[in-house]
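In mature numbering (1 follows the signal peptide of the UniProt record, and there is no 0), the protein residues as written are -24 to -1, 1 to 353.
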């Protein structure tokens, strides 16, 4: 069963993502400081204590966001605080080579998949839990955008924290004990390339593209390097307030584990938690949303669906599913997201299956409600 601490920490991480984009490209000279304060309500239909209490309502997170620019050089950072921990989301220096090209050095966003998110909801999409949505690592990235063609090339030496630290915003390979298995793996020497093209038309625009990722996995127990890769095709299209997001990806984590460790799975960590995922598989996403302007702001209604299909030597592994139906309400500095979450064999959204793509315990879909209230400044 997923405990309340784990859920609250996940809330803090996802809420922080809504504080705005990390890019300070072409910002005017000067210093900008902002942030957010959020509270969260959650009700798990598969948890008797949660149902008996009518859910839980508590502090989610507070975030501070800083950006500063002088001439062609600048800095950007975001840090967040929860009731039990604190951690950095991103922090990097950058150089604007010209109006189209920027170089970033530090903890910066990994260019993989849809350029913003492959989700509309507070809950993120399924690739987030595999390490492939809104990920941030330590390295150098070059971004070039001429308004239509957008190119990202990056090298990341390591994750934003050490491999045994689970207090992190984005999902990374973990060193530590999970379900009795000792993992000694860590990310290193990662290369990314992403190319997208945007076409504008009356009433909207479409961005389509592809992403490639390759890196090593160092095992501190065996002293050997394994490798990993991921590839994705993605599309984000808007027309008259409607939006469709599509993504298909394949990934593999091929670690050089010590004897006795099952190479069909690997340990991951995020927001002070750790869990196992299938070491190889595919993930598919289909999201649809409609934004409706109002006199006081806007309402966006959406449905985000994701499926992960394991592709390992263990035939007992099963698909994982996540579906989120929700609405986001925006009015000035206030942003509220109300989500109905359904999960099957999926970490964070099911009672007994704290993993992605492994052998399913039980059957059927679990449900929960989450409502996040935020004030941004």
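Glycine residues also receive a C-beta, built at the ideal position from the N, C-alpha and C atoms.
Query - Residues of its chain near residue 122, where Cβ-Cβ distance is below 6 Å and the 5 sequence neighbours each way are ignored - result: Contacts found: 76.
Query raised in the report: By how many angstroms is the C-alpha of residue 338 removed from the C-alpha of residue 155?
Result: Distance between the alpha carbons of residue 155 and residue 338 is about 18 Å.
Report task. Identify which residue in 188, 191, 62 and 244 has its Cα closest to the Cα of residue 157. Result -> Measuring from the Cα of residue 157, the nearest candidate turns out to be 244.
**Report entry** Alpha-carbon to alpha-carbon, residue 253 and residue 328
**Finding:** Taking the straight line from one Cα to the other gives about 14 Å.
Requested in this report: Enumerate in chain order the residues of its own chain whose CB-to-CB distance from residue 220 is below 6 Å, with the five nearest sequence positions on each side excluded.
Outcome: 213 and 264.
**Report entry** Nearest residue (CA-CA) to residue 222, options 89, 62, 165 and 74
**Finding:** Nearest C-alpha to residue 222: 89.
Query raised in the report: Can you list, in chain order, the stretches of the beta strand (DSSP E) that have 3 or more residues and sit fully within the region 202 to 269?
Result: Listed in chain order, they are 218 to 230, 241 to 246, 249 to 254 and 256 to 269.
Query raised in the report: For residue 10, which residues from the same chain have a beta carbon less than 6 Å from its beta carbon, with the 5 sequence-adjacent residues on both sides left out?
Result: The residues are 41 and 353.
**Report entry** First and last residue of the uninterrupted beta strand (DSSP E) at residue 39
**Finding:** Judged by DSSP secondary structure, residue 39 falls within the beta strand (DSSP E) whose first and last residues are 32 to 46.
Report task. Could you tell me which of 79, 200, 144 and 125 sits nearest to residue 110, measuring between CA atoms? Result -> The shortest Cα separation from residue 110 among 79, 200, 144 and 125 belongs to 144.
Query raised in the report: Span of the alpha helix (DSSP H) holding residue 29?
Result: Boundaries of the alpha helix (DSSP H) around residue 29: 24 to 29.
**Report entry** Outcome for residue 87 when other beta-carbon atoms lying within 10 angstroms are tallied against a minimum of 16
**Finding:** Buried, since its Cβ has 16 or more Cβ neighbours within 10 Å.
Query raised in the report: residue 99 bridges to which residues according to DSSP?
Result: Note: residue 99 sits in no beta bridge, so no partner.
Query raised in the report: From what residue to what residue does the beta strand (DSSP E) around residue 356 run?
Result: The structure shown does not extend to residue 356, since the chain is modelled only from -24 to 353, so the question has no answer here.
Query raised in the report: What distance in whole Å lies between the Cβ atoms of residue 148 and residue 101, which are believed to be in contact at a cut-off of 8 Å?
Result: In fact, because the Cβ distance is near 17 Å, the residues do not count as touching under 8 Å.
**Report entry** Buried versus exposed, by CB contacts within 10 Å (16 or more), residue 308
**Finding:** Its Cβ having fewer than 16 others within 10 Å, residue 308 is exposed.
Requested in this report: Taking 8 Å as the cut-off, decide whether the C-beta atoms of residue 282 and residue 258 are in contact.
Outcome: Cβ atoms of residue 282 and residue 258: not closer than 8 Å.
Requested in this report: Give me the Cβ distance between residue 354 and residue 316, rounded to the nearest whole Å; I'm assuming they're in contact under 8 Å.
Outcome: Given that the chain is displayed from residue -24 to residue 353, the structure contains no residue 354 and the question cannot be resolved.
Requested in this report: Please work out which residues of its chain come closer than 8 Å, Cβ to Cβ, to residue 340, disregarding the five sequence neighbours upstream and downstream, and give them in chain order.
Outcome: Annotation for residue 340: 320 place their beta carbon closer than 8 Å to its own, counting only its chain and skipping 5 residues before and after.
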